[in-house]
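Have a look at the structure below, then the notes.
Residue numbers (our numbering): 372 to 659.
Now the structure itself:
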């Protein structure tokens, strides 16, 4: 392989730096001339970064250590690659690794409240099918769970335990707002106190509103503290329902909350792509 690389590049002495021969280069070779060494080094890091993008397209996120092991280079090399690729807008760095670039932003909460509201209202009404009088129900903080809370005002008499200020204000005496810290623009409590208070209860059902639902990569949230609350609620109930409008299906985000096969219901809207809906229905006991 090294001999073929050298011959190919020597036949194009005026090429700088032998960019036509990506297929020949596997790694820099210290025995080659300075110009060829530079050229093949450029080729190698180009190939390496292309491979990093391929890994992210396949997995949506990847850890620095795992990328370094797969490509046979140091973690520091991968960190430099990730920094450069982030500067070029090719990906977004997160603690310990990277995610695809399209996961790097989420609209502020007040703006999200107005997006796809008709679909979210449809989902909120559908989700009432899952609720029976006398139930205890966990509800996390999200714009779709807010739509559910509004529908629930005229629904069965249940006890709701929530970290959402909006949900608690909507349902008032039928809700318990767990304590904690407000960490962002989302009007909700998060943190260790929130998780501890959730752990004091046992519910019949958890109604959760993630950022993304993907058949392979799972139910995902944008923020770690949001995923932690959803995971804690799911762990203290016998059934989990995911509320997600069609724009969230077959998408990925930053933090895994659960594998798709571990949830009991997916409630979505009529605009969901039939193929995506069927793929998810093959993994989830019920899709409404």
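Glycine residues also receive a C-beta, built at the ideal position from the N, C-alpha and C atoms.
C-alpha distance - residue i paired with residue j, whole-angstrom precision
i: residue 625; j: residue 457; result: 16 Å
i: residue 655; j: residue 574; result: 21 Å
i: residue 602; j: residue 588; result: 16 Å
i: residue 491; j: residue 418; result: 43 Å
i: residue 532; j: residue 615; result: 20 Å
i: residue 453; j: residue 657; result: 40 Å
i: residue 596; j: residue 562; result: 7 Å
i: residue 518; j: residue 612; result: 14 Å
i: residue 461; j: residue 428; result: 11 Å
i: residue 571; j: residue 557; result: 23 Å
i: residue 635; j: residue 445; result: 42 Å
i: residue 647; j: residue 513; result: 23 Å
i: residue 537; j: residue 643; result: 27 Å
i: residue 443; j: residue 535; result: 46 Å
i: residue 489; j: residue 555; result: 25 Å
C-beta contact flag for residue i and residue j at 8 Å
i: residue 524; j: residue 585; result: no
i: residue 576; j: residue 610; result: yes
i: residue 639; j: residue 494; result: yes
i: residue 619; j: residue 583; result: yes
i: residue 471; j: residue 449; result: no
i: residue 628; j: residue 593; result: no
i: residue 550; j: residue 560; result: yes
i: residue 497; j: residue 637; result: no
Proximal residues to residue i (C-beta, below 7 Å), its chain only, five neighbours per side dropped
i: residue 499; result: 522, 523, 526
i: residue 370; result: Nothing in the structure corresponds to residue 370, since the chain is present only between 372 and 659.
i: residue 539; result: 533, 546, 548
Cross-strand partners of residue i (DSSP beta bridge)
i: residue 432; result: 470
i: residue 608; result: 574
i: residue 535; result: 559
i: residue 636; result: 612, 657
i: residue 592; result: 626
Identity of the residue in the options nearest residue i by Cα
i: residue 421; options: 618, 542, 455; result: 455
i: residue 447; options: 515, 463, 468; result: 468
i: residue 502; options: 530, 513, 518; result: 530
i: residue 507; options: 599, 528, 437; result: 528
i: residue 544; options: 572, 649, 520; result: 520
i: residue 441; options: 463, 432, 426; result: 426
i: residue 432; options: 630, 497, 599, 465; result: 465
i: residue 590; options: 633, 644, 504, 488; result: 633
i: residue 631; options: 641, 650, 645; result: 650
Neighbourhood of residue i by C-beta, 8 Å cutoff - its chain only, sequence neighbours within 5 removed
i: residue 515; result: 491, 494, 495, 580, 614, 615, 616
i: residue 552; result: 560, 561, 562, 564, 565
Close Cβ partners of residue i (< 6 Å) along its chain, the five nearest in sequence each way excluded
i: residue 324; result: The structure shown does not extend to residue 324, since the chain spans only 372 to 659, so no value can be given for it.
i: residue 566; result: 603
i: residue 504; result: 527, 528
Distance cut-off 7 Å: residue i Cβ against heavy atoms of the ligand SAH
i: residue 613; result: Absent from the structure shown: the ligand SAH. Ligands present: none.
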